[in-house]
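Everything in the sequence shown is counted per the working numbering, starting at 1123 for the first residue and increasing by one.
This report concerns only the one structure given below.
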Amino acid sequence: MQHQGPHFLQIPGPSPVPDRVLRAMDRQVIDHRGPAFAVLGKEVLAGIKTIFQTTQPVIIYPSSGTGAWEAAIVNVLAASDKVLMVETGHFAALWKKMADRFQLEVDYIPGDWRHGCDPAQIEAKLVEDKGHKIKAVMVVHNETSTGALSNIPNIRKAIDSANHPALLLVDAISSLGSAEYKHDEWGADVTVSGSQKGFMLPPGLGFNAVSEKAFAAARANKTPRSYWDWEDMLAPNAAGYFPSTPATNLLWGLAEAIAMIHEEGLNNLFARHQKLAAATRKAVEAWGLEIVCLDKPNYSPILTGVMMPPGHDADAFRKIALDNFNISLGMGLGKLGGKAFRIGHLGDINPLMLIGALGGVEMGLSMAGVPFRAGGVQAAMRALEEDRPGNALKA
Ligand SMILES: *Cc1c(COP(=O)(O)O)cnc(C)c1O
């Protein structure tokens, strides 16, 4: 079927790229060793720190988020090092699989893919580890496969209460630029992110924000590494350059995205995401469907995962919505494959775009013959109307 008007890209990353960012990238490439590049390099290397809320260096790679995961591992960890990970969902499982490939010894706290990490379990594991064999705690901040956050400040507190020296490595790939995140204040040692989610950029940039303690661990770590080596980045970065060819046009986009985020204000941006997420949950509740995340305080502001009623295929429903209404919804990942779908509400999105997306979901459910109650879109509209200045947000 031929469609007119914009495609609704409602997956939880890549998220739609704003016109301003597209225009900022629509330029002839320049000499990455020349003087004009240094201006751009310095701008993005300084600007990116404000999004991670850190005064420490943020390393920028031409890579996917997966590359930035690997960078975090090879810089601070070595084969046979013990690490603690938590099975929050598909992305936690993939990072764990990568840790296995690097022959890390992973103590993997099992999970049901419907909750964030339990800081008390992390604390108990660390208290047990009297010999301080655990070198790192590795967690996913926003589990994009389920729509559950993990409380990073409470995980930091758990590590500190156990008086344990483990590093805290956080995957904030889908949360940076959408959900509140404070690398320094929250005591993260390495925060991993990528360009195509909250940053509203095309895929292709990976980030590592690195604490003093993580740099010290990297200097002492003998694991062979080259492309991902943090140390190789630092000297050229200080002058606004990179050791190899950077993704110049994506960096122009990054500079524009950072400017847009600051024009809105980080706190306004976080509140906008919370409001759209709350309205989405109102729709799901009104439909009588189940939200994947069972951990209310940790509902994701970035996406909402929705369980399909038993006997109904989430992918068949998504195909009907795509074919008829030109909307891409996130598929169920890993063991949620076919059983759940995900509504992305992150990045360059506003209430009317959300209402359009929820309309596509509601019509798709109806056409797919999924049992549900009508009125989800209306419930979301009421939630958005109520959430105006002077009216307290109803959870
Ligand atoms: C998207 C995502 C990844 C993977 O990033 P890629 O850019 O696809 O390699 C990892 N973790 C989380 C939480 C994600 O949302």
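Ideal placement from N, C-alpha and C gives every residue a C-beta, glycine not left out.
Could you check the C-alpha separation between residue i and residue j for me, to the nearest Å?
i, j, result
"ASP1445", "VAL1205", "44 Å"
"GLU1165", "ALA1377", "7 Å"
"LYS1335", "ALA1221", "20 Å"
"LEU1487", "ALA1194", "41 Å"
"SER1317", "ARG1223", "25 Å"
"THR1345", "GLN1225", "11 Å"
"GLY1127", "PRO1419", "37 Å"
"PRO1431", "GLY1460", "11 Å"
"GLU1307", "THR1177", "10 Å"
"TRP1217", "TRP1191", "7 Å"
"ASP1141", "PRO1325", "16 Å"
"ALA1280", "LYS1257", "15 Å"
"LEU1416", "ASP1229", "24 Å"
"MET1503", "GLN1396", "15 Å"
"LYS1441", "LEU1411", "19 Å"
"ALA1214", "MET1207", "8 Å"
"ARG1510", "LEU1391", "15 Å"
"ALA1517", "LYS1171", "With a pLDDT of only 46 at ALA1517, under 50, the local geometry of the prediction cannot be trusted, and the value read off the model is given with reservation. Taking the straight line joining both Cα atoms gives about 32 Å."
"MET1260", "SER1272", "11 Å"
"ALA1340", "ASP1282", "21 Å"
"HIS1237", "ASP1293", "16 Å"
Just checking: is the beta-carbon of residue i within a distance shorter than 8 Å of some beta-carbon in chain C?
i, result
"ASP1437", "Included in the structure is just one protein chain, with no chain C present."
If contacts are defined as beta-carbon pairs under 8 Å, then residue i and residue j qualify, I think. What distance do you get, rounded to the angstrom?
i, j, result
"TRP1374", "LEU1162", "7 Å"
"LEU1327", "VAL1312", "Contact doesn't hold; Cβ gap of about 16 Å is too wide."
"LEU1451", "ARG1464", "7 Å"
"ARG1495", "ALA1408", "6 Å"
"GLN1175", "LYS1304", "4 Å"
"GLY1466", "ILE1133", "5 Å"
"ILE1449", "GLY1482", "4 Å"
"ALA1369", "PRO1184", "4 Å"
DSSP state of residue i, grouped into three classes?
i, result
"PRO1493", "coil"
"ALA1517", "Reliability of the predicted coordinates at ALA1517 is poor, the pLDDT of 46 falling under 50, and the value obtained from them is presented with this limitation in mind. Reduced to three states, the DSSP call for ALA1517 is coil."
"ARG1278", "helix"
"GLN1258", "For clarity, residue 1258 is Ala in the given sequence; the question names Gln instead. ALA1258: strand per DSSP, three-state reduction."
"VAL1139", "coil"
"THR1345", "coil"
"GLY1506", "According to the sequence displayed, residue 1506 carries Leu and not Gly. Note: LEU1506 maps to helix in three-state DSSP."
"ILE1413", "strand"
"ASP1293", "strand"
"LYS1319", "coil"
"TRP1217", "helix"
"ASP1437", "helix"
"GLU1209", "coil"
"PRO1473", "helix"
"GLU1385", "helix"
"ARG1394", "helix"
"VAL1196", "helix"
"ASN1285", "coil"
"ILE1152", "coil"
"PHE1123", "Going by the sequence as given, residue 1123 is Met instead of Phe. Note: MET1123 maps to coil in three-state DSSP."
"THR1402", "helix"
"LYS1304", "coil"
Which partner residues does residue i have in the DSSP bridge list?
i, result
"ASN1330", "ILE1181 and VAL1314"
"ASN1264", "LEU1271"
"ALA1501", "BP columns for ALA1501 are empty, so no partner."
"GLU1227", "LYS1204"
"ASP1222", "According to DSSP, ASP1222 bridges with nothing at all."
"ALA1339", "None, per the DSSP bridge assignment."
"ALA1462", "MET1429"
"LEU1167", "Paired residues: none, contrary to the question."
"SER1450", "LEU1131"
"TYR1421", "ALA1270"
Would the beta-carbon of residue i fall within 8 Å of that of residue j?
i, j, result
"HIS1154", "PHE1364", "yes"
"SER1267", "LEU1455", "yes"
"TYR1421", "ALA1438", "no"
"ASN1264", "ILE1424", "yes"
"VAL1518", "GLY1187", "Residue 1518 lies beyond the residue range present for the chain, which begins at 1123 and ends at 1517; the question has no answer from this structure."
"ILE1231", "GLU1245", "no"
"LEU1199", "ASN1330", "no"
"VAL1414", "GLY1269", "yes"
"ILE1274", "ALA1310", "yes"
"VAL1499", "ALA1405", "yes"
"ARG1149", "ASN1371", "yes"
"ALA1284", "VAL1249", "yes"
"ARG1403", "THR1367", "no"
"GLY1469", "SER1300", "yes"
"GLY1135", "ILE1380", "no"
"MET1429", "VAL1143", "no"
"ILE1152", "TRP1352", "no"
"PHE1130", "GLY1362", "no"
"GLY1211", "TRP1235", "yes"
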